[in-house]
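Visitor:
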Amino acid sequence: MKKIEAIIRPDVFSDVRRALALEGIDGLSVTEIAGCGRQEGRTGLFRGNAYEMEFSAKLKLEMVVEENLVEPVIEAILEYAATGEVGDGKIFIFPVDEAIRIRTKERGAVAVY
Amino acid sequence: MKKIEAIIRPDVFSDVRRALALEGIDGLSVTEIAGCGRQEGRTGLFRGNAYEMEFSAKLKLEMVVEENLVEPVIEAILEYAATGEVGDGKIFIFPVDEAIRIRTKERGAVAVY
Amino acid sequence: MKKIEAIIRPDVFSDVRRALALEGIDGLSVTEIAGCGRQEGRTGLFRGNAYEMEFSAKLKLEMVVEENLVEPVIEAILEYAATGEVGDGKIFIFPVDEAIRIRTKERGAVAVY
Ligand SMILES: Nc1ncnc2c1ncn2[C@@H]1O[C@H](COP(=O)(O)OP(=O)(O)OP(=O)(O)O)[C@@H](O)[C@H]1O
Ligand SMILES: Nc1ncnc2c1ncn2[C@@H]1O[C@H](COP(=O)(O)OP(=O)(O)OP(=O)(O)O)[C@@H](O)[C@H]1O
Ligand SMILES: Nc1ncnc2c1ncn2[C@@H]1O[C@H](COP(=O)(O)OP(=O)(O)OP(=O)(O)O)[C@@H](O)[C@H]1O
Ligand SMILES: [Mg+2]
Ligand SMILES: [Mg+2]
Ligand SMILES: [Mg+2]
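Chains as they are written, first to last, in our numbering: chain A, 1188 to 1300; chain B, 1188 to 1300; chain C, 1188 to 1300.
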């Protein structure tokens, strides 16, 4: 199992969500975050004033999936979240040790659905 | 050390929190998330319309603990977060490389309390 | 690559953010969380009533960085987030398998900037 975190623009969310559902992703968590990135302007040594680094509203999607779904999920996100403009966001993949379905106490890959 | 993430129903939170405290868990972070899961209805190929996948308000609990606390914490969460209805949520366990207490700069297991 | 999560007091954020920019950190995500810790009082067996464990508003900073930036980032956070009072928060380091820039589909360390 892997955890996929995707930081995306809020306005691509419903397209991304539909694409994920078509890949078989039923379970995911969505958090509103404040993002800093190149979209907000180069900071630090380049301008000398980090306060110029402001925020953009982004959505963070988190989902734990079986390994064979990692690449299809990445492809689905890239297809619908990329606009070509700076600020499209990132996808990060993390290792997962265990998953447990609270209702049934099932563990492992069967628990992520 | 391991990170435990639990996605639970908001209304079981105070019972879960008390159970965690009794296991010696003092430190945790709580985030309001919007969850998608089977609770919101089967999507994609089953209905052909992913927009039917709506949100439920959930709480995400995050805590970094020593390894010997992982199973007691899982048991405590399962005892108080399971209602038997779809939508009870998930527990995920992740590897952790390091923990640091900002106040003292201490590192390792001593830093998580 | 590593993921750095820092839970800090909201009022040190702008100093921490400037320090991170000076270390070359352009991209990060900020989430408002409700924190429980020793700041809110010892719980469980010590008082017998976990409801006394209340919340403090904290900010969670998340950033994925190359390994050579982990120690400079930790140092920058420790310098500006430590007040010496209980409640200064924690830094956690996690392994990362992959990072992808959505705009360009680039993968690996080049994708985190
Ligand atoms: N290294 C990182 N770690 C964590 N979150 C990041 C990181 N880099 C960017 N982000 C998140 O992604 C959002 C988008 O970042 P940014 O504006 O740099 O866009 P981008 O898609 O990276 O642009 P570019 O394609 O030029 O890099 C940021 O607001 C932030 O929330
Ligand atoms: N694979 C997953 N990755 C991340 N978060 C998930 C995942 N599956 C479920 N979730 C989160 O858990 C919440 C509850 O999921 P769901 O409604 O499927 O309940 P459930 O307890 O999984 O039900 P069931 O017992 O039928 O699986 C979701 O709203 C979502 O926030
Ligand atoms: N083990 C942990 N796992 C996840 N988050 C934690 C953990 N411990 C603390 N936190 C987060 O850090 C915040 C600060 O914790 P706390 O009040 O214990 O301060 P502290 O800096 O740890 O104090 P002390 O220096 O006495 O430990 C908490 O509100 C919580 O959000
Ligand atoms: Mg960028
Ligand atoms: Mg489910
Ligand atoms: Mg503490």
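Glycine included, every Cβ here is placed at the ideal spot set by N, Cα and C. Keep in mind it's a predicted model, so treat the numbers as computed, not measured.
If we call anything under 8 angstroms between Cβ atoms a contact, is V1217 of chain A one with I1220 of chain B?
Guide: In the first sequence, counting from the first residue as 1, residue 1217 of chain A sits at position 30. In the second sequence, counting from the first residue as 1, residue 1220 of chain B sits at position 33. Yes, Cβ-Cβ distance for V1217 of chain A and I1220 of chain B is below 8 angstroms.
Visitor: Mind checking whether the beta-carbon of D1284 of chain C lies closer than 7 angstroms to any heavy atom of ligand 1?
Guide: For the purposes of this step, residue 1284 of chain C is taken as the residue at position 97 of the third sequence. Checking every heavy atom of ligand 1 against the Cβ of D1284 of chain C, none is found closer than 7 angstroms.
Visitor: In terms of alpha-carbon separation, which member of A:A1208, A:G1222 and A:R1205 lies closest to G1274 of chain A?
Guide: Taking the first sequence and counting its residues from 1, one reaches residue 1274 of chain A at position 87. Nearest of A:A1208, A:G1222 and A:R1205 to G1274 of chain A, Cα basis: A:G1222.
Visitor: Taking 7 angstroms as the cut-off, does the CB of E1249 of chain A come closer than this to any heavy atom belonging to ligand 7?
Guide: For ligand 7, the structure offers nothing, since it holds only ligand 1, ligand 2, ligand 3, ligand 4, ligand 5 and ligand 6.
Visitor: May I ask whether a heavy atom of ligand 2 can be found less than 7 angstroms away from the beta carbon of D1198 of chain B?
Guide: Numbered from its first residue, the second sequence carries residue 1198 of chain B at position 11. No; taking the cut-off as 7 angstroms, the Cβ of D1198 of chain B has no heavy atom of ligand 2 nearer than that.
Visitor: What is the rounded straight-line gap between the Cα of E1254 of chain C and the Cα of E1272 of chain B?
Guide: Along the third sequence, read from residue 1 onward, the residue named residue 1254 of chain C stands at position 67. Along the second sequence, read from residue 1 onward, the residue named residue 1272 of chain B stands at position 85. Distance between the alpha carbons of E1254 of chain C and E1272 of chain B: 43 angstroms.
Visitor: If you measure beta-carbon to beta-carbon, which residues of the segment 1273-1284 of chain C are closer than 9 angstroms to chain B?
Guide: Answer in chain order: V1273, G1274, D1275, G1276, K1277, I1278, F1279, I1280, F1281 and P1282.
Visitor: Excluding five sequence neighbours on each side, which residues of the same chain lie with their C-beta closer than 7 angstroms to the C-beta of I1261 of chain B?
Guide: In the second sequence, residue 1261 of chain B corresponds to position 74, counting from 1. So the list reads I1278, once near-sequence residues are dropped.
Visitor: Just the Cα atoms here: how many angstroms apart are E1210 of chain C and A1263 of chain C?
Guide: Within the third sequence, residue 1210 of chain C is the residue found at index 23, counting from 1. Within the third sequence, residue 1263 of chain C is the residue found at index 76, counting from 1. In a straight line, the C-alpha of E1210 of chain C is about 8 angstroms away from that of A1263 of chain C.
Visitor: Is any beta-carbon of chain B found at less than 8 angstroms from that of I1212 of chain C?
Guide: Mapped onto the third sequence, residue 1212 of chain C falls at position 25. Not one chain B Cβ lies under 8 angstroms of I1212 of chain C.
Visitor: Taking the alpha-carbon of P1259 of chain B as reference, which of B:V1203, B:A1286, B:P1197 and B:I1289 has the nearest alpha-carbon?
Guide: Residue numbering aside, residue 1259 of chain B sits at position 72 when the second sequence is read from its first letter. Closest by alpha carbon: B:V1203.
Visitor: With 8 angstroms as the threshold, decide whether the Cβ of R1303 of chain C is near any Cβ in chain B.
Guide: Any question about residue 1303 of chain C goes unanswered here, given that chain C covers just 1188 to 1300.
Visitor: Could you tell me whether the Cβ of A1296 of chain C comes closer than 8 angstroms to any Cβ of chain B?
Guide: On the third sequence, position 109 is the one that residue 1296 of chain C refers to. No, A1296 of chain C lies away from the interface with chain B (no Cβ there is under 8 angstroms from its Cβ).
Visitor: If you check the beta carbons only, do Y1267 of chain A and V1199 of chain A fall under 8 angstroms apart?
Guide: Along the first sequence, read from residue 1 onward, the residue named residue 1267 of chain A stands at position 80. Along the first sequence, read from residue 1 onward, the residue named residue 1199 of chain A stands at position 12. Yes, the pair counts as a contact, with Cβ atoms nearer than the cut-off.
Visitor: Which residue wins for smallest C-alpha separation from P1197 of chain B, given the options B:I1289, B:L1246, B:V1252 and B:A1286?
Guide: Counting from 1 along the second sequence, the entry for residue 1197 of chain B is found at position 10. The shortest C-alpha separation from P1197 of chain B is found at B:L1246.
Visitor: Consider the Cβ of V1217 of chain C: report whether some Cβ of chain A lies at a distance smaller than 8 angstroms.
Guide: Walking along the third sequence from the start, residue 1217 of chain C turns up at place 30. Yes, because at least one Cβ of chain A sits closer than 8 angstroms to the Cβ of V1217 of chain C.
Visitor: Any heavy atom of ligand 3 closer than 7 angstroms to the CB of Y1300 of chain B?
Guide: Translated into positions along the second sequence, residue 1300 of chain B becomes position 113. Within the cutoff, so yes.
Visitor: Measuring alpha carbon to alpha carbon, tell me which residue in B:M1188, B:V1283, B:L1215 and B:P1282 is nearest S1243 of chain C.
Guide: Reading the third sequence from its first residue, position 56 is the one you call residue 1243 of chain C. S1243 of chain C has its Cα closest to that of B:L1215, out of B:M1188, B:V1283, B:L1215 and B:P1282.
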